[in-house]
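Numbers given in our numbering equal positions in the sequence shown, counted from 1, plus 157.
Report on the following structure.
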Amino acid sequence: MPLVRTGLLATSVAILGMRVTILACKFGLAIFVGRYLDLSSLGVFGLCAGVVALGPSLVGMGMVHLIVRDAVTLPLAELIDLLRHYWSFVTIVYALALAVSFPVTHFLSGSSIWSLVIAITLLEHFGNDVFQLLSNLQKPLLANISAFIRGALWVLVYTPLAIWYPELRSMSALLCFWLAGSMVALALFFWTTRLWPWTATSLAAIDPQRIFSTIRKGFVIYLSDLGFVASQYIDRYLVSFFLGLELTGIYFLYWSAANAVSTFVSIAVLQVQRPILIKAHHHGGDSEHQKLLMPFLGTTLLSTIALGAATGLAFYLVLPYLKQPAIGNFLLAFWLIMAGMAVRNVADFGAMALFTARRDGVMTLTNLASVTGLIVAQSLCLPLMGLYGAGTAMIITFGVITIWRGALLYDPAPSKSPALG
């Protein structure tokens, strides 16, 4: 037993180390682009990263959530058959997007970066699926090694090379390294599962009806997931539309710092609280579930404030080394964005609480309302307030969503939705 505990502790420490490194590399890469390229390039990179993040939710149609949920109990041959149908659908969609993007982007701009972005999005889509699949198959270390390769290892290779060789300081070179990292991670998955019956299962014909059936079953999950992810990334496109690429670059750098806080709180706090809330509701219903909400919310708030303050201080220390004076001209906007992401953390706690209370339907409704509200708020605030409007819109939108979700959680006669899982 001591050896088992030691092994579990070592695995947990390794996973935490990899996740923290991924966060640091993402923020560091934004700093690198702003320092060694320019702010407009940083804006373009932010838009590219948004496409990569949004693509899997948009294209996946909620199917992966159903597949990985059942992966624990399915025979390998049946699991591979489900993955084969799902990944065939996904590949066709991205292939069509690539076929359209290649001539269009070359005709309009002569640039191939958006074709690279679509290829990266396809591989990152598979990478996200692999992470969820391996996690549900109780292989968390392998899942996180794959995520580390996709999110950190290629950055750790690219940035020193680009500092040493100036010819690598371009968006195309950066995206090629990202693509290579995604390819290595996917190759690792297939190598570690080489004994699975991939070949034997892949000989059967694809059944389109099976794909459409899975899409129908996962449609509510799809809407919820799409609303949640879109509310994280849609704002950078609105900033680009209203304020231009240079201010988008500044916004993306500020957002990257705030998002590091949000992601760490999600990993270290919300993911720990989630199974506890699920068990409390399962054994004691709404009353036991509600007893935990305020203490857990307090933990979320304190963690967000402490990490936000530390990150803000670190940002001030890094600022002189960026050699981009414009970044220091909007520091109030930085703190507004930090505050907006903090309010979003609280709103995300509300979404998690609704999910753990089996309120899937209203959780989906609030997710869709959040992205709609954010689009409206950003469209009103950005033209009037400039970059300061970005954080203001986030505070307003997620403040309202937080209050709404809180009211739903304490509704004395809630209308239950059947659990998605």
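Even glycine gets a Cβ: it sits at the ideal position worked out from N, Cα and C.
Contact between the segment 424-435 and the segment 227-245 is absent, with fewer than three C-beta pairs closer than 8 angstroms. A contact between stretches requires three or more CB pairs, one per stretch, nearer than 8 angstroms, and the segment 248-258 fails this requirement with the segment 184-193. Note on glutamine 295: under 16 other CB atoms within 10 angstroms of its CB, so exposed under the neighbour-count rule. If only uninterrupted alpha helix (DSSP H) runs of at least 4 residues are considered, those enclosed by the segment 536-575 are 545-566. Here the C-alpha atom of glutamate 324 lies approximately 44 angstroms from the C-alpha atom of threonine 457. Threonine 278 carries a helical assignment under DSSP once its states are collapsed to helix, strand and coil. The Cβ atoms of serine 214 and valine 386 sit closer than 8 angstroms to each other.
For the set Phe398, Cys182, Pro365, the Cα lying nearest the Cα of valine 247 is the one of Pro365.
Put simply, the backbone Cα of tryptophan 492 is about 46 angstroms away from that of threonine 350. Just measuring C-alpha positions, the residue of Tyr478, Ile368, Cys205, Phe283 sitting nearest valine 341 is Phe283. Put simply, the backbone Cα of valine 314 is about 39 angstroms away from that of threonine 230.
Considering only Met551, Lys480, Phe555, Leu566, the residue with the shortest C-alpha distance to leucine 196 is Lys480.
About 7 angstroms separates the Cβ atoms of glycine 530 and valine 557, confirming a contact at the 8 angstroms cut-off.
Restricting attention to Leu194, Ser272, Gly203, Tyr193, the CA atom closest to the CA of lysine 183 is found in Gly203. A straight-line Cα-Cα distance of about 5 angstroms links valine 209 and threonine 278.
The way I'd put it, the segment 514-522 doesn't touch the segment 454-471; fewer than three beta-carbon pairs between them come closer than 8 angstroms. Burial of serine 303 is indicated by the presence of at least 16 other C-beta atoms within 10 angstroms of its C-beta.
Look at isoleucine 424 here: in three-state DSSP terms it is helix. Residue environment analysis places arginine 373 among the exposed positions, since fewer than 16 neighbouring C-beta atoms fall within 10 angstroms of its C-beta. Counting only runs of 4 or more residues that sit fully inside the segment 207-256, the alpha helix (DSSP H) segments are 220-227, in chain order. For leucine 566, the closest C-alpha among the options Ala496, Thr549, Ser444, Leu539 is that of Ser444.
In this structure, alanine 514 sits near histidine 446, with a CB-CB distance shorter than 8 angstroms.
Tryptophan 353 carries a coil assignment under DSSP once its states are collapsed to helix, strand and coil.
For leucine 464, the three-state secondary structure derived from DSSP is helix. Contact check for serine 419 and methionine 498: beta-carbon distance about 5 angstroms, within the 8 angstroms limit, so the pair qualifies.
Nearest in C-alpha terms to isoleucine 532, of all of Tyr545, Leu544, Ala550, is Ala550.
Per the C-alpha coordinates, the member of Ala534, Gly548, Gly507 positioned closest to alanine 564 is Gly507.
Put simply, the backbone Cα of alanine 309 is about 29 angstroms away from that of leucine 236. Cβ neighbours of tyrosine 411 within its own chain (closer than 6 angstroms, five residues either side excluded): Phe491, Ile494.
The C-alpha of serine 339 is placed about 38 angstroms away from the C-alpha of leucine 450. The beta carbons of valine 377 and glycine 185 sit about 38 angstroms from each other, so the pair does not count as a contact at 8 angstroms. For proline 482, no alpha helix (DSSP H) encloses it, and the DSSP letter there is neither H nor E.
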